[in-house]
Structure formats: C-alpha cells, structure tokens
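Some notes on the structure that comes next.
There are 2 protein chains.
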Amino acid sequence: MPRKKKDVIDLSYSLSDIWRMLTDVEREKLRNNARVLQFRKNDLIYLEDEWPKDLMCLFKGKVKIYKSGVGGRSQIIRIVRPMQYFGYRAYFAREQYVTAASAFEACTVCMIPMELIEQFLRENGNLALFFIQMLSVDLGIADQRVVSLTQKHVRGRLAESLLFLKESYGLEEDGATINIYLAREDLANLSNMTTSNAIRTLSNFVNERIIAIDGRKIKIIDEERLHKVSRIG
Amino acid sequence: MPRKKKDVIDLSYSLSDIWRMLTDVEREKLRNNARVLQFRKNDLIYLEDEWPKDLMCLFKGKVKIYKSGVGGRSQIIRIVRPMQYFGYRAYFAREQYVTAASAFEACTVCMIPMELIEQFLRENGNLALFFIQMLSVDLGIADQRVVSLTQKHVRGRLAESLLFLKESYGLEEDGATINIYLAREDLANLSNMTTSNAIRTLSNFVNERIIAIDGRKIKIIDEERLHKVSRIG
DNA sequence: ATAGAACTATGTTCTAAAACACAAATATAG
DNA sequence: CTATATTTGTGTTTTAGAACATAGTTCTAT
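Chain order of the listed sequences is Z and X.
The first sequence maps to residues 864 to 1096 in the working numbering.
The second sequence maps to residues 864 to 1096 in the working numbering.
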C-alpha cells in the first residue's frame, strides 16, 4: 500500500530536532538509511502485535495511534501531527506494538531503522535525553488521560477532545474551524464514548451555541465555555 | 515526617541496576549524594504540583502513585515494589509532578539528585537506555491501562487489579494470599470504581469461590477463573 | 482500655450512558 | 451518474454502576 516518495526531501529540515544533535558521520548514515513512504487515507502504518523496526517521523498528514479493546471497540490513544516522532516506544521496551497506527488522511512518513537510532543515542547524550524527554512527556499525558477518560462525564470528555484537536492540528483560516475532518466515530473513539453519544452531545453543544457544525467541520464558537465544560462537565 | 536512615546500606546491592553501569568516579559521586529516608505508613513521599528533585528507589515497603481527579476522587496510577525507581518522569519532562506518591506501609526510600543522574546519563549510553526502557515499558502499561479502565466492566477491572497486585507483591507463604494489606478504598481507587462496588464485587467473588477474604487479606482460590473474569468480565 | 474515627457490609434508589431501532443524509465505488 | 454502503441524527428502552442510607465492625490514638 505505501509507496516510496520520489521527490528529494531535505532531511536536515524535516528531521531537524534529531538532525541538529548528530555528527557529520551520523548524518551520513541517517541519510543512507532513512526511507520516506506515502500512505493514503485510512492506510495502516503499523499493526498491533507487529515487531517494531523503525522510528517514524510524520512529515505530512495526520495519524492516529489506537488500540482495539473489549468487543472490537477501539480507543484512540494519541494523535500525531507533522514533525512528531512515533512508533519507537515498543522497540525500546523490547515488545511488540500494543497499539496500531493509521492515516487519518494522506501522509508522508519517514522511517529510520531503530537499530541505527539506538546506536546513535548510546554515544550521544543529547539524543538520549531527547527521547527520554519525549517519553516522559507522553507518559505524563497518559497518566492525565487515564483520569480524564475514567472520571469525566461524556460532555467533559468530548469538550476536552475538541480542545485537544484544536491544540494538535490548529484552526483553519477563519480562526474558528478545527483543522481536521473526522468521522463522528473517530471523535467517539478519541473520547471513550459510543458514536451515538458523540453525535448527540455534539448536537447539544450546537444548541448551546458552544460550537457550530457543517458536516464534519467543527467550528468553535465559544472556547471559554468549551474549557468550562471540559472541566466541569 | 521522613527520617534519615542510620544503618549503613550497601548501595552497590540496593541500587544494583544502576550501580553496575557506573564508573568508579560516578559511584563515588553517587555515594556522596544519595540519601536514604524512612517513611511511615501513609506518609506522603511527594505531592502533585511539587517540582521533582530526586530519583527515588524503593528499598523496602510498598508505594502508590496516584492522582486526584474529579471531585476529589483519587485514581491509583501505578504501584511501586522494592528495587523499582520512581519520581523521575516529571523531572525529565521538565514539569511539576502530575501525581502524588504515598507509602502503603513503612518504607525505605533512596533519594538521588536528578541533576546527578542527568549528568551521568549524558555520558553513559547504557544508563540512558536503562531509563528509556523503563519509560517505554511504563508508557506501554499506561496505554493498556487506559483501555482496561475505560472498557472493562467492574468485575473485569477488579479481577485485573487482584492479579496485578499478585504479580507486583507476590503471595504469602501459603502460596495463595496476596502479600499486601489494602483498604477496600485503595482497591477501588486502583480499579476505578466506588468503594461500595469494590466491596460488593469482592463479596461476589467470594460467593463464586474465586477468592476468600479474611479482613483485608485476600486469598486467590481459583486463579484460572480470575483470569477469565479479568478478560470477559 | 476505651472512645471516637475510619472502614466494611448490604440494601435501596437513581441516573448517565449504552444498546437498540430506524429514518434521513452523505459518501464512495462501479 | 447512479446505486449501494456508510455515516449521521433522534427517539426509546435498558442497564451498569453511582449515590445514598444505615448498621456493624475494626482500627488507632490517647
């Protein structure tokens, strides 16, 4: 499904976070081993139970990391935006993937063999700290998420997701419409609720003039209120 | 509240995971900067919103890492057993703690300044990998936990917690009693349910001859069934 | 040793959210 | 450009689990 990218890509820019920590020798090795792949909307990037091989950096597009749970119900664990790294946790833990990743929309992803990354960071304290920091931030978010998803009510969880999507992917030119085209089901899977509940609650938000919807496009009318609902419910 | 430990402790044994990766110079620095503190039952070890200073290694006792959520309801995020490290995530993420830690029972904890650890691992690839691996494993557990806590029903969540406690702290000499003395409330906070539900469900398990209870002591009678309940509910 | 506090147990009521059902509106493939 | 599949929207029913109430029991601190 994925196809190789033919255009020349400037890795020093696209991988700048990592690039700037490397020596010339390391940069050359990286250039020789990095592959850039294209994925289409809904393509799978990796699967639960696969063995991790590559560090992935999202160059373009939007990716969801999710986990299938009880009775096929799926939970979106985190979403990836361009310039972010993913797919490396399982390798470091010496485990198979416990999550799967798929493309919300057409994506360009850079794949770098994890062996190479591990080799680099054994010698490169800054790079090691970079990964330690990413993992630490993500673990903090995961801890927070456990409490939000289990303790907040439907309204609070959905409001939190909308704000989270806005933070992650930003707004369109009108300064109000969240820049992602999501099915209600994905919104539900992100917020730990049924699709009906996502639809219903979204309608309620519209009636309360907190948001406006036009098909799958969601416009935030009253961000203040949305924050409040996210906190209080 | 915490008191300094007077007895001499063999750090090379108690911190062996880290110790064996260090040079002689590093070991000397570690010895000069490590402090060993005693905590009594229910003592707080660190608090939400505090700035992290030390890497902590639990030498003796049992610790819970928890987070207070909506309406003061508390969620136990993870539990710590002897020889495990904790308290370092927030430092690496350059954040205040998002969790708190307290002692289930009398504990001995070794505190090592995080500045020292960071300094070591910048130069020591193995030590860096050690932390990367711990964080990666914990992040995988957290991802798994989000799904368990949100999708499993009360019975499944409680069964999972009992098995988890058994894995973490082991069994007593009889080969059946879980080696921890927990209030029903803690069991509830671990399993994301109300105390009443923990009590009621525990009673049900007793009636079904899956476990036996004697006060706070829980004996696993039919581990097979417990696994099944954890999966199916 | 004993009073008071905290914990455990169990029954009852209430409610948020899931499950189900179906119609209408949109996407997508041929 | 249709035809079919998928997604969205709403009303209704059901249910798991929270909330509440109260009593008995076991800690724990003085």
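By construction, the Cβ of each residue, glycine as well, lies at the ideal position given by its N, Cα and C atoms.
Taken in chain order, the members of the stretch 925-941 of chain X whose beta-carbon sits within less than 7 Å of a beta-carbon on chain Z are Lys-930, Gly-932, Val-933, Arg-936, Gln-938 and Ile-940. For Asn-1060 of chain X, no chain Z residue has a C-beta closer than 7 Å to its own C-beta; the minimum C-beta separation is roughly 13 Å. For Thr-1057 of chain X, not one C-beta of chain Z is nearer than 7 Å to its own C-beta. Listed in chain order, the beta strand (DSSP E) runs fully inside the stretch 939-1017 of chain Z are 963-966 and 970-976, counting runs of at least 3 residues. Residues of chain X whose Cβ lies closer than 7 Å to the Cβ of Phe-955 of chain Z are, in chain order, Ile-995, Gln-996 and Ser-999. Under the three-state reduction of DSSP output, Arg-898 of chain X falls in the strand class. Taking one beta carbon from each stretch, the stretch 964-979 of chain Z and the stretch 953-971 of chain X have fewer than 3 pairs nearer than 8 Å; the two do not touch. Taking all protein chains in view, the Cβ of Tyr-876 of chain Z is surrounded by fewer than 16 other Cβ atoms within 10 Å, so the residue is classified as exposed. Around the beta carbon of Lys-930 of chain X, 16 or more other beta carbons lie within 10 angstroms, which makes this residue buried.
Below the 9 Å Cβ cutoff, chain Z contributes Gly-932, Val-933, Gly-934, Arg-936, Gln-938 and Asn-1055 as neighbours of Gln-1014 of chain X, in chain order. Contact between the stretch 1050-1059 of chain X and the stretch 1019-1027 of chain X is present: 3 or more CB-CB pairs across the two stretches fall below 8 Å.
In the DSSP assignment, Asp-1049 of chain X falls within the alpha helix (DSSP H) that extends over 1047-1054.
DSSP, reduced to helix, strand and coil, places Leu-885 of chain Z outside both helices and strands of the structure shown, so it counts as coil. At a cut-off of 7 Å between C-beta atoms, Ala-963 of chain X does not count as an interface residue with respect to chain Z.
Proximity of Arg-1047 of chain X to chain Z, defined by a Cβ-Cβ separation below 7 Å, is not satisfied. C-alpha of Val-972 of chain Z to C-alpha of Arg-898 of chain Z: approximately 8 Å in a straight line. Residue burial is scored here from C-beta neighbours: Arg-883 of chain Z has fewer than 16 other C-beta atoms within 10 angstroms and is therefore classed as exposed. For Asp-1006 of chain Z, a Cβ of chain X is located within less than 7 Å of the residue's own Cβ.
As a beta-bridge residue in DSSP terms, Asp-1077 of chain Z pairs with Z:Lys-1080.
Taking a cut-off of 8 Å for Cβ pairs, the stretch 893-909 of chain Z and the stretch 1005-1013 of chain Z do not touch, as fewer than three such pairs fall below it. Taking 7 Å as the cut-off, the beta carbon of Phe-983 of chain Z is found no closer than this to the beta carbon of Glu-911 of chain Z.
Within the stretch 897-929 of chain X, the residues whose Cβ lies closer than 9 Å to any Cβ of chain Z are, in chain order, Ile-928. Taking 7 Å as the CB threshold, Gly-988 of chain X lines the interface with chain Z. Judged by DSSP secondary structure, Ile-1062 of chain Z falls within the alpha helix (DSSP H) whose first and last residues are 1058-1070. Leu-874 of chain Z and Arg-894 of chain Z have their C-alpha atoms some 8 Å from each other. Between the alpha carbons of Arg-1047 of chain X and Ile-1062 of chain X lies a distance of about 6 Å. Around Glu-913 of chain X, the same chain offers Gln-959 and Tyr-960 as residues with beta carbons nearer than 7 Å, after the five sequence neighbours per side are excluded. Gly-1003 of chain Z has a beta carbon lying within less than 7 Å of a beta carbon in chain X. Counting only Cβ-Cβ distances below 7 Å, Ala-1051 of chain X has no contacts in chain Z at all, with the closest Cβ about 12 Å away.
With a threshold of 7 Å between beta carbons, Val-1017 of chain X makes no contact with chain Z.
Residue contact check for Val-1010 of chain X against chain Z: a CB pair falls below 7 Å.
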